[in-house]
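Protein chains in written order, with the numbering used here: chain P, 8 to 330; chain F, 8 to 330; chain W, 8 to 330. Let me begin by presenting the structure, written as C-alpha cells, before commenting on it.
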Amino acid sequence: MTGDGARRVCGVAPLDRAGPDELTFLADKRYADHLSACRAGVVLLAPEFASAPAAVGARVVVAKPYDALVALLPRFHRAPERPLGVHPTAQIGRGATIAPTASVDAYAVVGARATVGDRAWIGPHCVVGDGVTIGCDTWLVANVTCYAGTTLGDRVTIHAGARIGSDGFGYAFSDGAHRKIMHVGRCIIHDDVEIGANTCIDRGSVDDTVVGAGTKIDNLVHIAHNVHIGRLCLLMAQVGIAGSAHVEDGALLAGQAGIAGHATIGAGARVGAQAGAFGDVPPGETWSGYPARPHRESLKATAALFRLSALMKRIERLLDGGD
Amino acid sequence: MTGDGARRVCGVAPLDRAGPDELTFLADKRYADHLSACRAGVVLLAPEFASAPAAVGARVVVAKPYDALVALLPRFHRAPERPLGVHPTAQIGRGATIAPTASVDAYAVVGARATVGDRAWIGPHCVVGDGVTIGCDTWLVANVTCYAGTTLGDRVTIHAGARIGSDGFGYAFSDGAHRKIMHVGRCIIHDDVEIGANTCIDRGSVDDTVVGAGTKIDNLVHIAHNVHIGRLCLLMAQVGIAGSAHVEDGALLAGQAGIAGHATIGAGARVGAQAGAFGDVPPGETWSGYPARPHRESLKATAALFRLSALMKRIERLLDGGD
Amino acid sequence: MTGDGARRVCGVAPLDRAGPDELTFLADKRYADHLSACRAGVVLLAPEFASAPAAVGARVVVAKPYDALVALLPRFHRAPERPLGVHPTAQIGRGATIAPTASVDAYAVVGARATVGDRAWIGPHCVVGDGVTIGCDTWLVANVTCYAGTTLGDRVTIHAGARIGSDGFGYAFSDGAHRKIMHVGRCIIHDDVEIGANTCIDRGSVDDTVVGAGTKIDNLVHIAHNVHIGRLCLLMAQVGIAGSAHVEDGALLAGQAGIAGHATIGAGARVGAQAGAFGDVPPGETWSGYPARPHRESLKATAALFRLSALMKRIERLLDGGD
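So this is what it looks like as C-alpha cells:
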C-alpha cells in the first residue's frame, strides 16, 4: 500500500469516474489507460500496475483486485430500512404464524394458516397465499405473489414482482373447449435460492415443481409445472422451461434459452444463450443453437452455413453440369 | 376395483412418492417399475397393470387412468379463501358498480365508473382502471393491473401480475424525438379466457386488441396493440405477438415463438417453440424454425445443415477442382 | 372538407367499424374497399380517395390522413383521474420530500429520504425505495417497484409492474456455493424515457445501469446490470440485454432480440427480431439472425439453407462419385 493510509472512501465507482471519496480498482490491461487520469480516493491494483502514474489518494496492490473489491462491496451497500414486526397495515389471515423476529411490511397480505420464519421479511405489497410456508431469513422484496401450495426454504430471496406457485398451463380439450386441469401439486423452493424480478414459477399439477438449494434464477424466467431444478444451477434472464423438464445440479442455462417439456439437462451441462433444447443434454456438455446441438457442432454448422451462401451458385452450376 | 373399498385419501401424488393417504395413477409403461414399491392409498390403473404386484391400499382399474385422475383433481383442490363483499381496505372509485355477490379483496383499487359483475373476485392488490368492465365469475388473482379501456368477459381468470390494456409501443419520430402516439383503442378479453402470470396485453391504438372466447394464455406472454386473437387458441409461455397481427381460431403458438407485426396465423395452425413467423402461416399448417417455414421443410433444412459442415471441405475442394 | 361541417364525433375507430359518432381515416389503398360501406361521422382521406363513394357524415381531405389522425388522438384520450396530493393511505418514509404538486396515490409506499418532483404521479400500489429520486412530471402507473439506488429523470413514464433497479445477476462461486456479489451501482433513467409493463432494469454492480434520454422500452424487456443505453433508442418487447452491454444512440432492437454481455450495438444500428447479437454491431448497420450477421448476409444464408436441403442428396452423390 502506498499513499495516504488514512484516506476514507464512502462509495465505489469505475476507474473512469471514481472521485476522491470513492474506491475503484484496476484488474485488466484494457482499462489501464484510465489510470493516469483517475482521481479516486483509493485504487485496488494488480501488481503489474503498482507503480503506474496516477493522482489517486492511495493505492493498494493486491493479487486479485476484483476479488478484493467484491469482498469489500458489502461495506458500501446500504441495507434497506426494515420495519420491526408486523406493520399496522399488513393483513394477517386466520391461523397464520408469524415468528416474533419476522417483519411483515406495509400492505402485505398473509393468508390463512401461512407460516413466516425467524427474521423473514415480507416486503410491501406482497401477497402470501393460504397455507404458504416461508423459511427463516427469507426475503420477499416487494409486490411478490406466492400462491397457496408454495413452500420457501431458508435464506431465499425473491425479487419484486416474482410469481411463485401459480397454476400451470394445463388443459384437456373436450366438448369444444379447453377444460382446465386443476393443479394440486406444490411449488417447493429450497434454501439459498434467489429468484429475479418478474420471474414466474408454476406449481405442479400432480407432481411438485421444485427448485434445488443454492440455485440462482434471473429476471423474467418462466418455469412450468412439474419442472425439477437441481442444486446450484444458474438460470439467466428470460429462460423458459416447459413442463416436467429436469435440470440437474450445477447446470447453467444462458439468457433466453428454452428447454422443451420432459427434457433433461444433465448435471453441470451448459445451454447457450437463445438455444432451443428440444431433447436431453448430456451431463457436463455445452450445447447451443436452434435446435441445440453440442456447441462445437453448432459452431461448425453456422460457419458452414455462412460459407455456403457464397458457394451456392457454384454448387448449383456444378450439379447442373454447367461448371 | 380391488382392495380396501373404504380407504380414504386426502391428496394426490406421483406413483413414486404417494403415501397411504394419497391417490396416484399408472397409465404409462415407462413408470410401471415404480408400482411394486408404491405405498399409495389408492391407485388408478390401466387394465394391463390390473394384477401387477403392489402394496397399495386399493386399486381401481379404469380404461384411462390419467383422464380419471383429472376428473377427480377438483376434489383435492382447496379453493382459496374468498372474502365476502368489499373488503374494508378496498378503494372504490366514484360511480363504480360492484355486484352484491362480487368480492373485492384487501387493498384492491377499483377506478371511477368501473363495473364488477356477479360473483367476480378482484384479488388483493389489484388495480382496476377507470371505466373498466369485469364480467361475471371473473377472477383477478392478485397484483393484477387493468388499465382504463379494458373489458373482461365472464369466467375470465387473470393470474398474478398480468397487465391488461397498457399503452402499446407506438411513437412517431419528429423534431428529434420519439413522440408518443396516444392509444384510444380498447383491450377486449372475451369469455372463458385464462391469462398467465406477468403476461402483458396492450390496448389498441385506434383499433382494439381482442382475445377471443376460450383462449388460454400462459405466463410472460406479450400481446401488442391491435392484435386480434381468435377463439380457443393456446399461447404458451413467453410468446411475443407484434402489433396488428391476427391469430385465428384454434391456433397454437408454442413457447417463446414470435409473430411479426401484421402477420396472420391461420385457424388451427401451429407455430413451433422459438419459431419466428415473419409472415403468414396458412390455416391448419405446422410451421417452425427461424425464420418459420413448414415444419417438414425446417426439419429438412436443419438436417441438411448438420450434414453440411462435415461435407464442407469436400465441397470446397470439389469446386476448386482439387478433389 | 365536404359534408356536414357541424358533425360532432366522440371517438375513433377503424374504417370498417366506425359509427356515426366516430372519426376514422383512409390512408392506404388496401383498405379502400371498406370505404363504400363506411358509416363514420367523419373520415380523414388522402386526396386520391376524395370523391370515392361513402355514406359518411363528413369527409376531410388531407395529405397525410394517418398523421392527421395521430395529431387528433389526444383529443379523444381520457386521462385517468388523478388524486391531488398524498392519498391518506399512502405511506411516506422518514425524510422523504414530496413536491406539493405531486400525487402519491392509494397504497403507494415511498421510502425514507426519497424525492418526488413537481407534478409527478406515483400510482396506486407503487413501491419506491429508500433514497430514490423521481423527477418532475414523471408517472409510475401502478404496481411499479423502484429499488433503492434508482434515479428517474423528468417526464419519465413507467408502466405497470416494471421493476427498476433490482439487483443484477452476479455471483462468485466459492466454497461450494454461488456467493452473491453485492450491487452498489445505481440505476439511472434519464428524461423522457418510457418503460413498458413488467420490464426489468437492474441496478449496476460497481458501475451504473443507464438509460439515455428519449429512449422508449416496450413490455417484458430485461436490461442487466451495468448496461448503458444511449439516447432515442427503441427496445421492443421481450428484448434481453446481458450485463455491461452498450447500446448507442438511436439504435433499434426488435422484439425478442438478445444482446450478449459486453457487446456494443453502434449508434443507429438495427438488430432484427429474435436476433442473437453475440458481439458488436457496427453503427448504422442492420443485423439479424442467430448468430446475428449483417442482414443481407443472414438472408442469403437462410435462402441458401432452404435450397440446400433439396440439393443435399445430389451433393452427396456427387462427392461420393455416384452422380
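Ideal Cβ placement from N, Cα and C applies to all residues, glycine included.
Fill in: Cutoff 8 Å: I230/P Cβ touching any chain W Cβ
no
Worksheet item: Is K223/P close to chain W, meaning its C-beta is less than 8 Å from at least one C-beta of that chain?
Response: Between K223/P and chain W, the shortest Cβ-Cβ separation is below 8 Å.
Worksheet item: Is it a yes or a no for the region 208-223 of chain F touching the region 232-245 of chain P, going by three-plus beta-carbon pairs under 8 Å?
Response: no
Worksheet entry | 8 Å CB neighbourhood of A121/F in its chain, flanking five on each side removed | G100, A103, T104, V135, G136, D137, G138, V139, T140 and I141
Worksheet item: Contact between the region 159-166 of chain W and the region 198-210 of chain W: three or more CB pairs below 8 Å?
Response: The region 159-166 of chain W makes contact with the region 198-210 of chain W, as at least three CB pairs between them are under 8 Å.
Discussion item. Buried or exposed, going by whether 16 or more other CB atoms sit within 10 Å of the CB of D174/W?
Written reply: buried
Discussion item. Between T293/W and chain F, is any beta-carbon pair separated by less than 8 Å?
Written reply: False, the Cβ-Cβ gap to chain F never drops below 8 Å.
Worksheet item: Just how far apart, CA to CA, sit A86/P and R126/P?
Response: So the alpha carbons of these two residues sit roughly 15 Å apart.
Practice prompt. Look at the alpha carbon of P107/W and the alpha carbon of A149/W, and state the distance between them as a whole number of angstroms.
Written response: 20 Å
Item to complete: Please state whether DSSP places L341/P in a helix, a strand or coil.
Response: With chain P running from 8 to 330 in the structure shown, residue 341/P is simply not present.
Discussion item. Tell me which residues of the region 70-91 of chain W have at least one Cβ-Cβ distance to chain F shorter than 8 Å, keeping chain order.
Written reply: D74, L76, V77, L80, P81, F83, H84, R85, P87 and E88
Practice prompt. Tell me whether the beta-carbon of V331/W lies closer than 8 Å to the beta-carbon of P131/P.
Written response: Beyond the ends of chain W as shown, which are 8 and 330, falls residue 331/W; an answer cannot be given.
Fill in: Coarse secondary structure for H229/W, derived from DSSP in three states
In the structure shown, H229/W adopts extended strand secondary structure according to DSSP, grouped into three states.
Item to complete: Tell me, please, whether the CB atom of T164/F is closer than 8 Å to any CB atom in chain W?
Response: Judged by the 8 Å Cβ criterion, T164/F is not in contact with chain W.
Discussion item. Between G168/F and chain P, is any beta-carbon pair separated by less than 8 Å?
Written reply: Chain P contact via Cβ: present.
Discussion item. Based on DSSP bridge pairs, tell me the residues matched to R170/W.
Written reply: The partner list for R170/W (beta bridge, DSSP) reads T152/W and C207/W.
Worksheet item: Comparing alpha-carbon positions, which option in H84/P, W146/P and W128/P lies nearest V16/P?
Response: H84/P
Discussion item. Which same chain residues end up closer than 8 Å to I266/F when comparing Cβ atoms and leaving out the 5 residues on each side of it in sequence?
Written reply: Within the same chain, V246, G247, I248, A249, A252, V254, L260, I272, V278 and A284 come within 8 Å of I266/F by CB-CB distance, once the 5 residues on both sides are set aside.
Worksheet item: Sorted by chain position, which residues of the same chain lie with C-beta nearer than 6 Å to L159/W's C-beta, five sequence neighbours on each side aside?
Response: I141, G142, T145 and I196
Practice prompt. Go ahead and pull the three-state DSSP assignment for H7/P.
Written response: No answer is possible for residue 7/P: the residues shown for chain P start at 8 and end at 330.
Worksheet entry | Backbone CA spacing between A184/F and E304/W [nearest angstrom] | 31 Å
Practice prompt. Spatial neighbours of A65/W within its chain, please: CB distance less than 8 Å, with the 5 preceding and 5 following residues excluded, ordered by chain position.
Written response: M8, T9, G10, D11, G12, R14, G48, V49 and V50
Practice prompt. Report the option in A70/P, S212/P, H232/P and Q263/P whose CA atom is closest to the CA atom of D225/P.
Written response: Q263/P
Worksheet item: From D330/P to N233/W, what distance separates their C-alpha atoms?
Response: With a pLDDT of 44 at D330/P, under the threshold of 50, the modelled position of this residue cannot be trusted; read the value that follows with caution. When rounded, the distance between both Cα atoms is 54 Å.
Fill in: Near-chain C residues of the region 202-217 of chain P (beta-carbon distance less than 7 Å), N- to C-terminal order
In the displayed structure, chain C is absent; the protein chains listed are P, F and W.
Worksheet item: So with Cβ pairs under 8 Å, would you call L326/P a contact of chain W?
Response: yes
Worksheet item: Nearest CA to the CA of P298/F: which residue from E292/W, A282/W and L79/W?
Response: A282/W
Practice prompt. Please compile the residues from chain F whose C-beta is within a distance smaller than 8 Å of the C-beta of H184/P.
Written response: Residue 184/P is actually Ala in this sequence, not His. Residues of chain F passing the Cβ test: D199, G221 and L239.
Practice prompt. Could you name the residues of the region 259-274 of chain W whose beta carbon sits closer than 9 Å to any beta carbon of chain F, in the order they occur along the chain?
Written response: A261, G262 and Q263
Worksheet item: Residue range of the alpha helix (DSSP H) that R82/F falls in?
Response: P72 to F83 is the span of the alpha helix (DSSP H), which, as asked, contains R82/F.
Worksheet item: Given F32/F, which residues of its chain have a CB within under 8 Å of its CB, disregarding the five upstream and five downstream residues?
Response: Annotation for F32/F: L22, V50, L51, L52, P72, Y73, A75 and L76 place their beta carbon closer than 8 Å to its own, counting only its chain and skipping 5 residues before and after.
Discussion item. Which same chain residues end up closer than 8 Å to A276/P when comparing Cβ atoms and leaving out the 5 residues on each side of it in sequence?
Written reply: E255, A258, L259, V288, P289, P290, G291, E292, T293 and W294
Worksheet item: Listed in chain order, which residues of the region 140-151 of chain P have Cβ atoms closer than 9 Å to some Cβ of chain F?
Response: Identification of residues in the region 140-151 of chain P having a C-beta nearer than 9 Å to some C-beta of chain F yields N150 and V151, given in sequence order.
Discussion item. Using a Cβ-Cβ cutoff of less than 7 Å, which residues in the same chain neighbour A311/F once the five nearest sequence positions on both sides are dropped?
Written reply: none
Discussion item. Short of 8 Å in beta carbon distance, which residues of its chain neighbour A113/F, apart from the five on each side in sequence? Order them along the chain.
Written reply: P90, H94, T96, A97, P131 and H132
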